[in-house]
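A.B. asks:
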Amino acid sequence: MLRSVVAQRLLPRSAHAFPRALPIAMEHPDPNPNPDKPPQPPYPVGVVAALEAAKDPSFRARPTLFSREFSLHDRVALVSGANRGLGLEMALALIEAGARAVYCLDLPKEPGDEWLTVRDYTEKLDFGQGKKGGRLEYVSADVRDQRGLWAIGDMIGDKEKRFDIGIAAAGILKPHTSCLEYPSEQFKEVMDVNVNGALNTAQAAGRQMHRFNTPGSIILIASMSGSITNRDHAWTSYNSSKSAVLQMTRSMACELGPLGIRVNSISPGHIYTTMTAAYLDTQPGLMRKLAGMNPLGRLGRPDELRGVVTWLASDASTFCTGSDILISGGHHSW
Numbered sequence: 001m002l003r004s005v006v007a008q009r010l011l012p013r014s015a016h017a018f019p020r021a022l023p024i025a026m027e028h029p030d031p032n033p034n035p036d037k038p039p040q041p042p043y044p045v046g047v048v049a050a051l052e053a054a055k056d057p058s059f060r061a062r063p064t065l066f067s068r069e070f071s072l073h074d075r076v077a078l079v080s081g082a083n084r085g086l087g088l089e090m091a092l093a094l095i096e097a098g099a100r101a102v103y104c105l106d107l108p109k110e111p112g113d114e115w116l117t118v119r120d121y122t123e124k125l126d127f128g129q130g131k132k133g134g135r136l137e138y139v140s141a142d143v144r145d146q147r148g149l150w151a152i153g154d155m156i157g158d159k160e161k162r163f164d165i166g167i168a169a170a171g172i173l174k175p176h177t178s179c180l181e182y183p184s185e186q187f188k189e190v191m192d193v194n195v196n197g198a199l200n201t202a203q204a205a206g207r208q209m210h211r212f213n214t215p216g217s218i219i220l221i222a223s224m225s226g227s228i229t230n231r232d233h234a235w236t237s238y239n240s241s242k243s244a245v246l247q248m249t250r251s252m253a254c255e256l257g258p259l260g261i262r263v264n265s266i267s268p269g270h271i272y273t274t275m276t277a278a279y280l281d282t283q284p285g286l287m288r289k290l291a292g293m294n295p296l297g298r299l300g301r302p303d304e305l306r307g308v309v310t311w312l313a314s315d316a317s318t319f320c321t322g323s324d325i326l327i328s329g330g331h332h333s334w
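Just so you know, we're using full-length UniProt numbering here: the sequence shown kicks off at 1 and counts up by one.
1. Can you have a look at E27 and say buried or exposed, based on whether 16 or more other CB atoms are within 10 angstroms of its CB?
2. Which one or two residues does DSSP pair with S267 in a beta bridge?
3. Within 10 Å of its beta-carbon, does V139 have 16 or more other beta-carbons around it, so buried, or fewer, so exposed?
4. Using 8 Å as the Cβ pair cut-off and three pairs as the minimum, do the segment 281-300 and the segment 100-115 touch?
5. Whose C-beta lies closer than 6 Å to the C-beta of A253 among residues of the same chain, with five residues either side of it excluded?
6. So within the segment 139-188, which uninterrupted beta strand (DSSP E) runs reach at least 3 residues, ignoring any that extend past its ends?
7. Can you check whether the CB of G216 is closer than 8 Å to the CB of I266?
8. Cα separation between I271 and V245?
9. Over what stretch of residues does the beta strand (DSSP E) that includes I218 continue unbroken?
10. Looking at G157: is its Cβ nearer than 8 Å to the Cβ of F212?
11. Evaluate the contact criterion for the segment 299-306 versus the segment 227-244: three or more CB pairs, one atom per stretch, below 8 Å.
12. The alpha helix (DSSP H) that contains L280, what's its start and end?
13. Determine the contact status of L220 and A277, defining contact as a CB-CB distance below 8 Å.
14. Which one or two residues does DSSP pair with L78 in a beta bridge?
15. Which partner residues of K132 appear in the DSSP bridge assignment?
16. Would you mind working out which of L65, L199, K55 and S328 sits nearest P41, comparing C-alpha positions?
17. Between the alpha carbons of S203 and P57, how many angstroms are there, rounded?
18. Please list, in chain order, all residues of the same chain as G257 whose beta carbon is under 7 Å from its beta carbon, the five residues on each side excluded.
19. Can you tell me the Cβ-Cβ gap for S71 and G98, rounded? I've got them flagged as a contact below 8 Å.
20. Looking only at its own chain, which residues have a Cβ that is under 8 Å from the Cβ of residue 407, when we skip the five neighbours before and after it?
21. Please state the DSSP three-state secondary structure of G260.
22. Note down the Cα distance separating I24 from L149, rounded to an integer number of angstroms.
23. What do you reckon, are the CB atoms on A205 and F163 nearer than 8 Å?
24. Under the three-state reduction of DSSP, which class applies to G300: helix, strand or coil?
25. Looking only at its own chain, which residues have a Cβ that is under 6 Å from the Cβ of M287, when we skip the five neighbours before and after it?
26. Within its chain, find whatever has a CB closer than 8 Å to the CB of S178; leave out the 5 residues flanking it on each side and keep chain order.
27. What do you get for G128, buried or exposed, if any count of 16 or more other CB atoms within 10 angstroms of its CB means buried?
28. Does the Cβ-Cβ distance between V118 and L88 come in under 8 Å?
29. Here's the rule: buried if 16 or more other CB atoms are within 10 angstroms of the residue's CB, otherwise exposed. What is L136?
30. May I ask you to check if the CB of E137 is nearer than 7 Å to at least one heavy atom of the ligand SAH?
31. On the CB-based measure, 16 or more other CB atoms within 10 Å of its CB, does A151 come out buried or exposed?
32. On a CA-only basis, which of D142, K161 and S240 is nearest F187? Give me that one, please.
33. Is it buried or exposed, H176, if we count other Cβ atoms within 10 angstroms and call 16 or more buried?
34. Would DSSP call E89 helix, strand or coil?
35. Considering only C-alpha positions, which residue in the set S237, S223 and I325 is nearest to P183?
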């Protein structure tokens, strides 16, 4: 198990040089050399598969939706903020979908008990016919350290010889603070983790996808707070940071689309996690108040993001990029 904060063995030889530079000009071939027709999947899918079966009596009609399109078989992923909470939930979902290895990045030097328990669980997963699950790897890292994140990306690429999925889930939220009194340094801290950290994580993944010419998927975790202002919440810095993540998603999607790299974001609403419970459970009536702010009348669970994360990471969503998926129980719809 890897447990290193951008240790010397992961860093470039020169302390002043950035890890492995990539050419500025992106010179990969056009992913769709025939723009008059959309590119076809490498195997018959859906109605096309049915038509092929009708033409060839020897054609083996097998369902592909979960065995191929949604499958992450043998893929390699990086998830930041994955020591616990939503990041860890997403990392586990990727393993269950067939990923070979998921590298979980977070600030603590050593993984917490929750991460270790999940790691042990993944090692016991039985996929049938003697097949076991992939590996969860822990890497201590600070997402604000661009050079360090790039070096970690290089290390993963060197070891795995591929890189398919990057999820930027690390983020912080500061206590309620009036926008008229908000300390500049605190505002910078939130932006540095939530915005710069998302960029650094996306770069670490995208550089390796570019390196291996992989049509990968980058997923940035935003928030419904990037699209709306939560009532009675003095969260100017957090809301601003998540709005920036939404624009970052669109901008990166447009730049990386020609390489076949997709970039999307997920905007969760109020989710009851170990982290949020520490605050919600001490505020009588707050959970009920927040639950009453969406049509479903409840808070969300971390596992309710598993499906959309798997969809965005997989070939089931190959025509989706530059999009934001709101998972808020309808909170944003009022």
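Backbone N, C-alpha and C fix where the C-beta goes; we use that ideal spot for every residue, glycine too.
C.D. replies: Considering the structure as presented:
1. Because E27 sits at a pLDDT of 45, beneath the cut-off of 50, its placement in the model cannot be relied upon, and the following sentence gives the value as read from the coordinates. Sixteen is the threshold: since fewer than 16 other Cβ atoms of the shown chains lie within 10 Å of the Cβ of E27, the residue is exposed.
2. Bridge partners of S267: L326.
3. Buried, because 16 or more other Cβ atoms sit within 10 Å of the Cβ of V139.
4. Judged by Cβ distances under 8 Å, the segment 281-300 makes no contact with the segment 100-115, as fewer than three pairs qualify.
5. So the qualifying residues of the chain are V263, T321 and G322.
6. As summarised for the segment 139-188, the continuous beta strand (DSSP E) elements at least 3 residues long and confined to that stretch are 165-168, given in chain order.
7. No, these two residues do not count as a Cβ contact at 8 Å.
8. Spanning the two alpha carbons is a distance of roughly 19 Å.
9. Counting along the chain, the beta strand (DSSP E) containing I218 begins and ends at S217 to I221.
10. Yes; because the gap between Cβ atoms is below 8 Å, this pair is in contact.
11. Because the criterion of three Cβ pairs below 8 Å is not met, the segment 299-306 and the segment 227-244 do not touch.
12. T274 to L280 is the span of the alpha helix (DSSP H), which, as asked, contains L280.
13. Taking C-beta atoms as the reference points, L220 and A277 fail to come closer than 8 Å.
14. BP columns for L78 point to Y103 and G166.
15. DSSP lists D126 as the beta-bridge partner residues of K132.
16. Among L65, L199, K55 and S328, the Cα nearest to that of P41 belongs to L65.
17. Rather than Ser, the amino acid found at residue 203 in this sequence is Gln. Rounded to the nearest whole angstrom, the CA to CA distance from Q203 to P57 is 48 Å.
18. Annotation for G257: T321 place their beta carbon closer than 7 Å to its own, counting only its chain and skipping 5 residues before and after.
19. Indeed, because the Cβ distance is near 5 Å, the residues count as touching under 8 Å.
20. Not covered by the structure: residue 407. The range shown for the chain is 1 to 334.
21. Looking at G260 - three-state DSSP - the assignment turns out to be coil, as it is neither helix nor strand.
22. Legend: pLDDT at I24 = 45, less than 50; position of this residue unreliable, no value from coordinates given.
23. The beta carbons of A205 and F163 sit closer together than 8 Å.
24. Three-state DSSP puts G300 in a strand.
25. If you ignore the 5 residues before and after M287, its C-beta comes within less than 6 Å of the C-beta of L280, all in its own chain and listed in chain order.
26. Cβ contact annotation for S178 (same chain, cutoff 8 Å, sequence separation greater than five): A234, in chain order.
27. Counting C-beta atoms within 10 angstroms of its own C-beta, G128 has fewer than 16 neighbours from the protein chains shown and is therefore classed as exposed.
28. By the CB criterion at 8 Å, V118 and L88 fall inside the cutoff.
29. Residue environment analysis places L136 among the buried positions, since at least 16 neighbouring C-beta atoms fall within 10 angstroms of its C-beta.
30. The ligand SAH is not among the ligands present in this structure, which contains no ligands whatsoever.
31. Label assigned to A151: buried.
32. Minimum Cα-Cα distance from F187 among the listed residues D142, K161 and S240 corresponds to S240.
33. The residue is exposed, with fewer than 16 neighbouring Cβ atoms inside 10 Å.
34. When DSSP states are grouped into helix, strand and coil, E89 belongs to the helix group.
35. Residue nearest to P183 within the set S237, S223 and I325 is S237 (criterion: CA-CA distance).
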